[in-house]
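Numbering-wise, the sequence shown is residues 32 to 144 according to the numbering used here. The beta-carbon is built from N, C-alpha and C at its ideal position, and this holds for glycine as well.
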Amino acid sequence: MRIQSYRFGEIVIDGERYTEDLLLFADRVRPGWWRREGHLLQVEDLKEALAEEPEALIVGTGAQEGMKVAPEVIARTRKAGIELLAFDTRTACQTFNHLIGKRKVVAVLHLTC
């Protein structure tokens, strides 16, 4: 998987255009990802991502970092030995492209705010 471009509300991955928040794995994309509380990332929102047992979890918090990461997410990833990398979504996309193939990573990407 390779992110080819990102702009507010739109991402292109391996030639496919997505306009919904999504989970990005090494071998697949799952569009339509949403959180229980839209702009607060909680542990329950990460069930599918954490099931992959990644070495690193990349969180795209939005173009203007509108999505916040709950303290419980930080504690849960730390306890599991997962490196949590939370950035604005543009930086998160760059980080995913840099790490994919080098480490087992999963990205959860908020495409707007």
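Assignment of I105 by DSSP, reduced to helix, strand and coil, places it in the helix class. Under DSSP, R121 takes part in no beta bridge, so it has no partner. Taking 8 Å as the cut-off, the Cβ atoms of L72 and V90 count as close. Around the beta carbon of W65, a 10 Å sphere encloses fewer than 16 other beta carbons of the protein chains shown; the residue is thus reported as exposed. The C-beta separation of G93 from H141 comes to about 4 Å, placing the pair in contact by the 8 Å criterion. Rounded to whole angstroms, the gap between the alpha carbons of E41 and F127 is 16 Å. Distance from the CA atom of Q125 to the CA atom of V74, rounded to whole angstroms, is 24 Å. Each of A106, L115, T122 and K78 was checked against the Cα of E96, and the nearest Cα belongs to T122.
Closest in C-alpha terms to I113, from the list R134, T120 and K99, comes R134. One alpha carbon belongs to G69, the other to G132, and they sit about 30 Å apart. Per DSSP, L81 is one residue of the alpha helix (DSSP H) stretching across K78 to A82.
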